[in-house]
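One structure below.
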Amino acid sequence: VLLHDEVKQAFTEHRSVVCHDAKPFMRSLMADGIDLSFLTLDTAIAAYLINPSKSSYSLASVCGEFLGAEPTGSMESDGTFDFGGTDISAQSCAEAAVFVSRLAPVVLAGLADIHNESLYADIENPLVHVLAKMESAGIAVDTAALLSIKDRLTAETQELTQLLHSIAGKTFNVNSPTQLREILYTDRGLAPGKKTKTGFSTDAATLEKLHDQWPEFIGPLLRYREVEKLRSTYGEGLLHEIAPDGRIHATFNQTVARTGRLSSDQPNLHNIPVRSDEGKVFRTAFVAPKGCSLLVADYNQIELRCIAHLANDPGLISAFAAGEDIHNATAARVFGVALGEVTADQRSKAKMVSYGLAYGMEAYGLSQRLSIGVDEASVILKAYFEAFPNVKKYMDDAIVEARRTGYTETLFGRRRQIPELLSDNFRVRQAGERQAMNAAIQGLAADIFKIALVRIDKLLTEKDFLSRVVLQVHDEVIVEVPDSEKEVVGPLILDTMRGAADLSVPFEVNAAWGDTWASAKG
DNA sequence: TTGATCAGCGCGT
DNA sequence: CTACGTGCTGATCAA
-2 VLLHDEVKQA FTEHRSVVCH DAKPFMRSLM ADGIDLSFLT LDTAIAAYLI
48 NPSKSSYSLA SVCGEFLGAE PTGSMESDGT FDFGGTDISA QSCAEAAVFV
98 SRLAPVVLAG LADIHNESLY ADIENPLVHV LAKMESAGIA VDTAALLSIK
148 DRLTAETQEL TQLLHSIAGK TFNVNSPTQL REILYTDRGL APGKKTKTGF
198 STDAATLEKL HDQWPEFIGP LLRYREVEKL RSTYGEGLLH EIAPDGRIHA
248 TFNQTVARTG RLSSDQPNLH NIPVRSDEGK VFRTAFVAPK GCSLLVADYN
298 QIELRCIAHL ANDPGLISAF AAGEDIHNAT AARVFGVALG EVTADQRSKA
348 KMVSYGLAYG MEAYGLSQRL SIGVDEASVI LKAYFEAFPN VKKYMDDAIV
398 EARRTGYTET LFGRRRQIPE LLSDNFRVRQ AGERQAMNAA IQGLAADIFK
448 IALVRIDKLL TEKDFLSRVV LQVHDEVIVE VPDSEKEVVG PLILDTMRGA
498 ADLSVPFEVN AAWGDTWASA KG
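Printed below as a string of structure tokens:
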């Protein structure tokens, strides 16, 4: 960034800066040692709070919506503010600035209309700076470890490709669903499963069903899919994103997810594998630098706790209050047995119902997840809602209210319009109903997490700790902590997370220390 | 031939 | 026929 001293001074000292999409700009200033700490309004984020479902919050599109006019120049949307460039770039920057200043009072009025002033001022606005610091810090990566993981996976995909070609009797692109369809359904003549738009499906669930018809091919094929996914997305993908400082600086988007969650890209650090042991090894490549440890702290069952609170369901609330194993307690109520007599099967069914709850899952979906009949799934669901009647009522009310007003709202006032509820199309309308059930729940969890994140940063900054937040994953925060600060910072962070909001159920936060993200995850 | 976009797939919370 | 995301690969189409 090329900045005149006067401009630098203005950004450092001016008590009120208004920006459209401030974070990239903030980051480039940070790289120059300038801290833009007096952001008072980010018009892109304000526009997002007013309507979180838009596909773009570019200056042009937001101006088009709120002002009915767009800047004519081609201002860069990456936050570059290059006064050393040509006249044209200076011109378009100036024009953009004028538009932002016109936009500001309009979006502020919009926030006021929907009573989002404090959601903006207390949560979203301070979060911009927190995220800028997080992105700027990045997370340390052990490049050698990542390379060796990738090499091992590459070797296996090559072997599997050879094997699959020889079994099929010809060479083909294993990554191509089209070519795969030909082999499976035309050459081999397998009985096809479900269809996609373009032909018969070759996804994992379908292949599992076909497995017994041609095990010597489908077995290795499933294995190939698994390994190739890890190799390409996480092996190659992550290696490309390692910056010269040996760290990965992902972007955390604040105006993408319609529920209020953050999203991550370049790279997406929200979907690093954890379920399979083989995928999990990628987490060993995310490390603490010398002299530091990683603290990984995550909320336990935050969405289910949000449901308990929102539905004000006595059964759920008392189970959480007593600190019971929630799936065990749920199973006991649903199947009408004592806490000590819940079988593993009952517990896992209850767990699946609880997970599906926030998504508006119905009997069919549950039957698929549990590999049971629709009738049995329907009995379980019915039993669940009889055991937790307030939950059922809450879900029904959420839909009715959203249909009446046209939007859902979280406890903190975050809105999401759901026009699908008025659709003539039955499927679309049903999807809208599921969104209406989910939005207040997922959104509340997001609100709470954002509050925790802002407060964690505040306490670390104000007390001059060297510890810094380096990553967040929806309900989990990863903090890089110098060994000398571990004893003090650990408890502070846990307390902050537990105290982020005052619901009718307590929050439980799991924490672990480690040299890598994997070891810290237990 | 190249770039943009869609479709299919699978990873996470 | 469960919500919300990102991104890889191949297929398809326009320039």
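All letters in the first sequence, in the order written, are residues -2 to 519 by the working numbering. No residue lacks a Cβ here, since even glycine has one placed at the ideal position from N, Cα and C. No experiment lies behind these values; they were computed from the predicted model shown.
query                                                                                                                                                                                                 : result
Can you tell me whether DSSP reads D75 as helix, strand or coil?                                                                                                                                      : Residue placement at D75 is flagged as unreliable, the pLDDT there being 43, under the threshold of 50; the coordinate-derived value follows with that caveat. D75: coil per DSSP, three-state reduction.
Let me know if S25 comes out buried or exposed under the rule of 16 or more other beta-carbons within 10 Å of its beta-carbon.                                                                        : buried
Helix, strand or coil, according to DSSP, for F80 in the structure here?                                                                                                                              : Note that F80 scores 46 on pLDDT, short of 50, meaning its location in the model is unreliable; the coordinates nonetheless yield the value given after this. In this structure, F80 counts as coil in the three-state DSSP scheme.
Measure from the alpha carbon of L248 to the alpha carbon of each residue in R255, E238, T256 and S89, then state which is nearest.                                                                   : Position check: residue 248 holds Thr in this sequence, whereas Leu was assumed. Out of R255, E238, T256 and S89, E238 has the C-alpha closest to the C-alpha of T248.
Which whole-angstrom value describes the C-beta separation of V506 and L491, a residue pair presumed to lie in contact below a C-beta threshold of 8 Å?                                               : 5 Å
A335 by DSSP, collapsed to three states: which one?                                                                                                                                                   : coil
Tell me where the beta strand (DSSP E) around L292 begins and ends.                                                                                                                                   : C289 to Y296
Starting from P286, trace the beta strand (DSSP E) both ways and give me its first and last residue.                                                                                                  : Counting along the chain, P286 falls outside any beta strand (DSSP E), and DSSP gives it neither H nor E.
Go ahead and pull the three-state DSSP assignment for Y404.                                                                                                                                           : strand
Hey, I42 and K447 are a contact pair by Cβ (cut 8 Å); roughly how many whole angstroms apart?                                                                                                         : Not a contact, Cβ separation roughly 12 Å.
Can you tell me the Cα-Cα spacing of T340 and L450, whole angstroms?                                                                                                                                  : 38 Å
Since I475 is in the beta strand (DSSP E), which residue starts that stretch and which ends it?                                                                                                       : E473 to P479
Put Q6 into one of helix, strand or coil per three-state DSSP.                                                                                                                                        : helix
If you scan the stretch 431 to 493 from start to end, which runs of the beta strand (DSSP E) of 3 or more residues do you find wholly inside it?                                                      : 465 to 469 and 473 to 479
Give me the residue from M23, P49 and T140 with the minimum Cα distance to R600.                                                                                                                      : The chain is shown from -2 up to 519; residue 600 falls before or after that span and cannot be answered.
Whole angstroms are fine: how far does the CA of E383 sit from the CA of L266?                                                                                                                        : 39 Å
Give a yes or no on whether the C-beta atoms belonging to E223 and E179 are separated by under 9 Å.                                                                                                   : no
For D79, count the other beta carbons within 10 Å of its own beta carbon; 16 or more makes it buried, fewer makes it exposed. Which is it?                                                            : For D79, the predicted model reports a pLDDT of 48, less than 50, meaning its position is unreliable; a value from the coordinates is still stated below. D79 should be labelled exposed.
If you count every other CB in all the chains shown that lies within 10 Å of the CB of T405, and 16 or more means buried, which is it?                                                                : buried
Can we say the stretch 1 to 11 touches the stretch 99 to 111, given the rule of at least three CB pairs closer than 8 Å?                                                                              : no
Kindly confirm or deny that the stretch 269 to 288 and the stretch 418 to 432 touch, where touching means at least three C-beta pairs closer than 8 Å.                                                : no
Could you tell me which uninterrupted alpha helix (DSSP H) segments, each at least 4 residues in length, are contained entirely in the stretch 148 to 199, listed from first to last along the chain? : 174 to 178
Taking just the CA atoms, how far does F317 sit from V397?                                                                                                                                            : 28 Å
Could you check where the beta strand (DSSP E) with R24 kicks off and where it finishes?                                                                                                              : Counting along the chain, R24 falls outside any beta strand (DSSP E), though it belongs to the alpha helix (DSSP H) covering A19 to A28.
Compare the beta carbon distance of L378 and V334 with 9 Å and say whether it is the shorter of the two.                                                                                              : no
Assign Q365 to buried or exposed, taking buried as 16 or more other Cβ atoms, counted over all protein chains shown, within 10 Å of its Cβ.                                                           : exposed
Are the CB atoms of V103 and H17 nearer to each other than 9 Å?                                                                                                                                       : no
Which whole-angstrom value describes the C-beta separation of L292 and V478, a residue pair presumed to lie in contact below a C-beta threshold of 8 Å?                                               : 5 Å
Can you list, in chain order, the residues of its chain whose CB lies under 8 Å from that of G353, leaving out five sequence neighbours each side?                                                    : G362, L363 and R366
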